[in-house]
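So the structure is just underneath, and the comments pick up after that.
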Amino acid sequence: MGVLYHERHYGYSLIRVLSDTGSISLKEGTVYPILARLDRDGLVRAEWVESDQGPPRKYYALTSSGRQLFDELNQEFDLLVSLVQQKWKVPEESEHARKKLVVRKG
Amino acid sequence: MHNYPEVVAKIADDYLERVKSKLRLVPVRERDEFLKELQSHLYEAYQQMPGEDDVERILAVLRNLGEPAEVVSDRLPGAMMRSGTKRSLPLYVVSGILIALFGIPLGFGGVGVLVGLLFALAGMVLAYYATAGSILLAGAMSMLLGLTRMFLPHLWDNMVTLGYIQINGPPADLLDHLSASEQGLIMILFASVFVASGLGMLRLGRYLLRGLHFLFSLVLDWMRRLAQTARGKLRRDTREWPHVGEVSFANNGQ
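Protein chains in written order, with the working numbering: chain D, 7 to 112; chain G, 5 to 258.
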């Protein structure tokens, strides 16, 4: 969805972008079921465009609800990342607190 | 528009045919559109695939795309997915029991025996429903006669005189000692028992029908799988012996 956010793509060009940027590693055939599901859910809009180099291409673009969902998912992802980063700091603080506790007990 | 070499076109066509066969339960329009999209993908990917050997290039494209089952995984209707998963276990259980009890071999012979057994069961269910219907009909008639005896005694007497109603033996001796309304009441009571029995049988029959429907579904599913296997085998055999003039998508659209 991120790739389709700024630019429309047809299936093969979308796969090329995903693989060239190393965003994700997947079987090319699995992209089409995902696109079909997004289309069914109204998150992308599909359009056939004639090509002078070969058969027509089916272009996909995010709809407004697709953009909205992507923004929400992006925010949730950022929140998740910040939570994970905080988790790495927690052990240091808790260790400090535990030491304090031990000192008090002694 | 598709400037494929003939051998590449044949490989691509074969792949698309395999996808198409997996999508036979999908609406035609949706299926054709998906195949068109895949065709577009194959063309683009083939043009971009580096290499000298045409066959190697198209095979690499298909390898990257994945097996047809993976590509269509999200387009299969729920019913088909269910028939491929949930039905298989009970089918194997029934097969196992039949083989254990009767030594029925798997394959078309086994299916034949199963179909015979199922039709015998269907006949029994039919007889069951005929009995239930007869009991209900007898109950309704008795009810009608009882009401006639109670509320239209003259009509009853006329029907006895004309010979339409004949009651002989111990029931007649018993009824002779009772008044007309008591006779009618006894008949209605008997009729109620008959009607209740008939309705009860019809209700129980629903479970029988469900069971029979389940068994028929299992056997039909099994037959479908066998036919698919046989078709696949035939197709493989045919592919080993290609015929001149086979339909091809080579140079399609030119």
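Backbone N, C-alpha and C define an ideal beta-carbon position, used for all residues, glycine too.
Look at G/G55: its C-beta is not under 8 Å from any C-beta on chain D. Counting of Cβ neighbours within 10 angstroms places D/V37 among the buried residues, the total reaching 16 or more. In this structure G/Q187 is buried. Its beta-carbon is surrounded by 16 or more other beta-carbon atoms within 10 angstroms. The shortest C-alpha to C-alpha distance from G/M147 to any of G/D17, G/A200, G/L130 is the one to G/A200. Here D/L68 carries a strand assignment [DSSP, helix/strand/coil]. Residues of the segment 26-57 of chain D that bring their beta carbon within less than 7 Å of a beta carbon in chain G comprise K33, E34, G35, T36, Y38, P39, A42, R43, in sequence order.
Contacts with chain G at 8 Å (Cβ-Cβ) do not include D/G72.
Following the DSSP letters along the chain, one finds D/R51 inside the beta strand (DSSP E) bounded by residues 50-55. Cβ-Cβ distances below 7 Å link D/D45 to A52 in the same chain, with the five nearest sequence neighbours on each side left out; the list follows chain order. Taking a Cβ-Cβ threshold of 7 Å, the residues of chain D close to G/Y47 are G60, P61, in chain order.
If you ignore the 5 residues before and after G/I169, its C-beta comes within less than 8 Å of the C-beta of L149, W160, M163, all in its own chain and listed in chain order.
Contacts with chain D at 8 Å (Cβ-Cβ) include G/G70.
With respect to G/Q43, D/P61 sits close: the two C-beta atoms are nearer than 8 Å.
The criterion of a C-beta distance shorter than 8 Å is satisfied by D/A67 and D/L10. G/E74 has a beta carbon lying within less than 8 Å of a beta carbon in chain D. Close to D/Y66, with beta-carbon spacing below 9 Å, lies no residue of chain G; the smallest spacing is near 10 Å.
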